[in-house]
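**Student:** Positions in the sequence shown are counted from 1; adding 1 to them yields my numbering.
Glycine included, each C-beta is placed from N, C-alpha and C at the ideal position.
Please read all numbers here as calculations on a predicted model, not as lab measurements.
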Amino acid sequence: MDDYRVKLEMFEGPLDLLLHLIHKNEVDIFDIPIAMITDQYLEHLDLMRFLDVDMAGDFLIMASTLIHIKSRMLLPGAGGDDDDEDPRMEITRPLLEYMLFREAAEELSARDMLERDVFSRKVPRYLQEHLRDYDQKLSVSLFELMKAFRRVIESASSQLHLTFEPEPWSIEDKAGYILARIEKAKEIFFHELFSKGTTTEMVITFLAILELVHQGRIRIFQPDQGGDIRIMRQEKGRAA
Numbered sequence: 002m003d004d005y006r007v008k009l010e011m012f013e014g015p016l017d018l019l020l021h022l023i024h025k026n027e028v029d030i031f032d033i034p035i036a037m038i039t040d041q042y043l044e045h046l047d048l049m050r051f052l053d054v055d056m057a058g059d060f061l062i063m064a065s066t067l068i069h070i071k072s073r074m075l076l077p078g079a080g081g082d083d084d085d086e087d088p089r090m091e092i093t094r095p096l097l098e099y100m101l102f103r104e105a106a107e108e109l110s111a112r113d114m115l116e117r118d119v120f121s122r123k124v125p126r127y128l129q130e131h132l133r134d135y136d137q138k139l140s141v142s143l144f145e146l147m148k149a150f151r152r153v154i155e156s157a158s159s160q161l162h163l164t165f166e167p168e169p170w171s172i173e174d175k176a177g178y179i180l181a182r183i184e185k186a187k188e189i190f191f192h193e194l195f196s197k198g199t200t201t202e203m204v205i206t207f208l209a210i211l212e213l214v215h216q217g218r219i220r221i222f223q224p225d226q227g228g229d230i231r232i233m234r235q236e237k238g239r240a241a
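1) What ranges does the beta strand (DSSP E) occupy inside the segment 170 to 218, keeping only unbroken runs of at least 3 residues that lie completely in it?
2) Using the Cα positions of glutamate 202 and aspartate 174, report the straight-line distance between them to the nearest angstrom.
3) Glutamine 235: buried (16+ other C-beta within 10 angstroms of its C-beta) or exposed?
4) Taking C-alpha atoms, which residue in Met233, Ile210, Ile172 and Pro224 lies nearest to phenylalanine 150?
5) List the endpoints of the continuous beta strand (DSSP E) containing isoleucine 232.
6) Are there 16 or more other CB atoms within 10 angstroms of the CB of aspartate 229, so buried, or fewer, so exposed?
7) Decide if alanine 176 is buried, meaning its Cβ has at least 16 other Cβ atoms within 10 Å, or exposed.
8) Taking the alpha-carbon positions, what's the lysine 187 to methionine 233 distance?
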């Protein structure tokens, strides 16, 4: 799957790189043939003997993001006010954050980490700062949290069925759902939030958890080393 490339007259590269280039304003969103990209990818899936659920989930997020960006840009007045945020940034931020943490997880898993917050010079400075921002608010290391999420995806992959339908959940909606669950149960296990749903929904759930940590609204902790990760509401006035 990693060898799959989207072929365009103006650009050729993986889907994540395409979105990265959109973020950098190096590709005009109005010139991207969304339908052609989708058709090429579905044709590629048909030729595969085994489906890569993780990669398919990535594609669903990327494809839906592109479509939403284009629709927002077509709205009257979009981007006309200098004080308004570019619609492309508003829509792509969750996806870019997910891509950032996926890159971080791959980077950290390939290294023998002797202690937290120790990075090789090969890790970009912006990535170090972003990771430390989250890591300082976690009672569990970001590396352990990413490993827990990876286990959730792997355990669910054999039971998931690929469906190319719009994902009904937004990150904001999922964050509200998580807070409601915690309010009722006081404390929940990390894996309980991923008991069912598509791969796309699981990614949205994980992003919602990270956003709530960033806002200081929940606390994530691991009572015993190697034990189940738990989540509870953050007490006011207490650092995470």
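**Tutor:** Per the coordinate set shown:
1) 188 to 190
2) 11 Å
3) buried
4) Ile210
5) 231 to 234
6) Answer is exposed; the Cβ neighbour count stays below 16.
7) buried
8) Each residue's alpha carbon lies about 6 Å from the other.
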